[in-house]
Structures are given as structure tokens and as C-alpha cells.
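What follows is one structure encoded as C-alpha cells, with my remarks underneath.
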Amino acid sequence: MAGSLSGSVALVTGSGRGLGRTIAERLIAMGADVAIHDISQEAPAQYGEDANLDAVATRLAGSGPRTTAVTGDISQEAAVAAMVAKVEADLGPISILINVAGGDIGAHGTKPSPNGALDISLEDALAVIQRNFIGTMLMCRAVAPGMAERQKGSIVNFGSLNGHQGVSPEVVYGCSKAAIVHYTRCLALEMRPAGVRVNVVSPGPTKTARFLATRQTDPKMMLDGPSLDRYANPSEIAGVVGFLASPQSSFVSGQVIRIDGGIGLYAA
Ligand SMILES: NC(=O)c1ccc[n+]([C@@H]2O[C@H](COP(=O)([O-])OP(=O)(O)OC[C@H]3O[C@@H](n4cnc5c(N)ncnc54)[C@H](O)[C@@H]3O)[C@@H](O)[C@H]2O)c1
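Letter 125 of the sequence shown, counting from 1, is numbered 125 in full-length UniProt numbering, and no numbers are missing.
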């Protein structure tokens, strides 16, 4: 698929590290100019992946496509507007938006504790919804109208396996990811006449630096091999996102692709 995104401008939220960064690398390899985004310059260093956001953008620029670095909290409307304006000033109109930023992070910057259906604090619940569902919605609201005007665009939002099945803990996180899945369907419907595609991917457990640093992993699930009974590698998520961003998926919209090795085999 090298070159299939030449002439495209992509904004990948949360691409200072983790899945977002691997996706940015994939889109660059496919020829897109890519805006690297995170909540702060320091976020890429949190789990030891890179020194700061500018270092990521410079490293990924390589030989061909252009990159720019932009910071901002996706859950704040004014910050989102400023981010989008900077990206479009630096690289041109955005035709690909990948909403990766998010996570099960509460009001004080750590995982909510307690984190169940009845005992999560209201403060943490609101923070998780704001960071995931509201953040994704604000990004779509800031970028989709321009795409519709130009009749060109592909948006990929991030759900999670947790948004498709009953879970405990991480209940509100699962609910906010389920909301992203349904918001994607609704936005896809509204965008049909303009030819803008909106899809969602829902990864299962994936070996990002944050994932590995914040939980006890199962050694058997860490092994790479033919079995699908394992954690995903970030490149396996990025491959599907690259497909959804590209013209190869030109008639795919409003869909959810679960990238979980088939662990969640159920209808809907
Ligand atoms: N890794 C997994 O197992 C897994 C599984 C399912 C879904 N996901 C989802 O995939 C996405 C990426 O996960 P990851 O494992 O790479 O984690 P990560 O923490 O490394 O990446 C998340 C990124 O989003 C940024 N971010 C968080 N809140 C933000 C905000 N309010 N404004 C701006 N940026 C913000 C973080 O700074 C970080 O760069 C998340 O949405 C996560 O919920 C991950």
C-alpha cells in the first residue's frame, strides 16, 4: 500500500506513543503527511518510548512525507480548535483523522480506583467519559465539517473489546468506548451524502509500552507465533487502520472492526 495515501494529510491523536505512534508510522509509510499529537510534549516519555513529542515528529519525518507536532487536550473544545487550526496551517486540510487518544484514566491522572459499576467516584466517571467519548466527539466535530465541504475524508475512531462485552472493573471506560462505537455509526450516517467515511476499530489487549507497564501480563499470551491466543502487536492494529484510511476501503463506512484475534466471537 506504499504511496496509496500520497497527497493526504492525517491527524493521529495520541500519536506521541503507543498505538497512535505505530499508526502514524504506518500512514507515513503509505505516503501521508502526518500531524503527531499528544496531550503534552512530555507524554511520549511516560513509559520510556521517546524524549518528547517534537523528537517523535522529527524522527518520523524521514525522507518523504512531512510531519508536524501539536499538543492539546482532546476533551477541551478550545484546545481542539487550536490544534486543528495549527495542523491545517502547517500541513493543509485534514483528510484523515485517527482518534486514538484515550484510556482508562480518571480525574487524577491514574486508573480510577475503585473502578466498578457502582463504586467508581462520579469525579472519575466524568473524567473517563470526557477523555474518551467527549474527546472523540469534539475531534470529529472540529474536523468532519471541513471534510464534508471538500467531499473527502476518512475518520477512524478507537473503541475497545471492553466496549462490546460486560466487564468489571473498567466499567465506565467500557461504556465510553461503547458510546464511541455508536457515535461512529450515527456520524457515518450523517456523512454519507458527503462521501466522508467513519469507522471504528476495537482492539483487544495489545502490547503497547503503557499496557506492558501497567499490568501483570500472562507469559503465554506474550509469545508471538501462529496461535491467536495471545496479545496483539501494535502493527496488527495499525495495518487495519491503514486499510480504513486508504481508498482500498472506499465503500466501507459505519463499521466496527474488532481486532482481537477472535477472542470476542459474538453477534453485533
Ligand atoms: N493497548 C491496548 O491493549 C488497548 C486495547 C483496547 C483499546 N485501546 C485504546 O487504544 C488507544 C491507545 O492505547 P495505548 O495502549 O496506545 O495507550 P497509550 O496510553 O500509550 O496511548 C494513549 C495516548 O492518548 C493520549 N491521551 C490520553 N488522554 C488524552 C487527552 N485528554 N488529550 C490528548 N491526548 C490524550 C496519551 O497521552 C497517549 O499518548 C486508547 O484509546 C485505548 O483506550 C488500547
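By construction, the Cβ of each residue, glycine as well, lies at the ideal position given by its N, Cα and C atoms. Keep in mind it's a predicted model, so treat the numbers as computed, not measured.
Ranked by Cα distance from A127, the options L161, E170, C140 are led by E170. Between F158 and G72, the CB-CB gap reaches or exceeds 8 Å. The segment 12-22 makes contact with the segment 236-248, as at least three CB pairs between them are under 8 Å.
Contact between the segment 128-141 and the segment 86-93 is absent: fewer than three C-beta pairs spanning the two stretches fall below 8 Å. Counting only unbroken stretches of 4 or more residues, the alpha helix (DSSP H) elements lying wholly within the segment 29-78 are 53-61, in sequence order.
Straight across, the Cα-Cα distance linking D218 with A194 is about 46 Å.
Taking one beta carbon from each stretch, the segment 139-150 and the segment 163-178 have fewer than 3 pairs nearer than 8 Å; the two do not touch.
In this structure, R66 sits away from D38, with a CB-CB distance that is not shorter than 8 Å. Annotation: the continuous beta strand (DSSP E) that includes R197 extends over 197-203.
The residues S8, V9, K152, G153, in chain order, have a CB closer than 6 Å to that of S95 in the same chain once the five nearest residues on each side in sequence are set aside. Relative to the non-hydrogen atoms of ligand 1, the Cβ of G14 comes within a distance shorter than 7 Å of at least one. With 16 or more neighbouring CB atoms inside 10 Å of its own CB, S246 falls in the buried class. Note on R192: under 16 other CB atoms within 10 angstroms of its CB, so exposed under the neighbour-count rule.
If the five residues before and after Q248 are omitted, its C-beta is found closer than 8 Å to the C-beta atoms of M1, S4, all from its own chain and listed in chain order. Judged by the Cβ position, L161 qualifies as a neighbour of ligand 1 at the 7 Å threshold, a heavy atom of the ligand being closer than this. When distances are taken from the beta-carbon of V100 to the heavy atoms of ligand 1, the shortest one is below 7 Å.
Not a single heavy atom of ligand 1 lies less than 7 Å from the C-beta of P112. Here L212 is exposed. Its C-beta has fewer than 16 other C-beta atoms within 10 Å. Taking C-beta separations shorter than 6 Å and ignoring five residues to either side along the sequence, the partners of I259 in its chain run V201, P203, I237, V240, following chain order.
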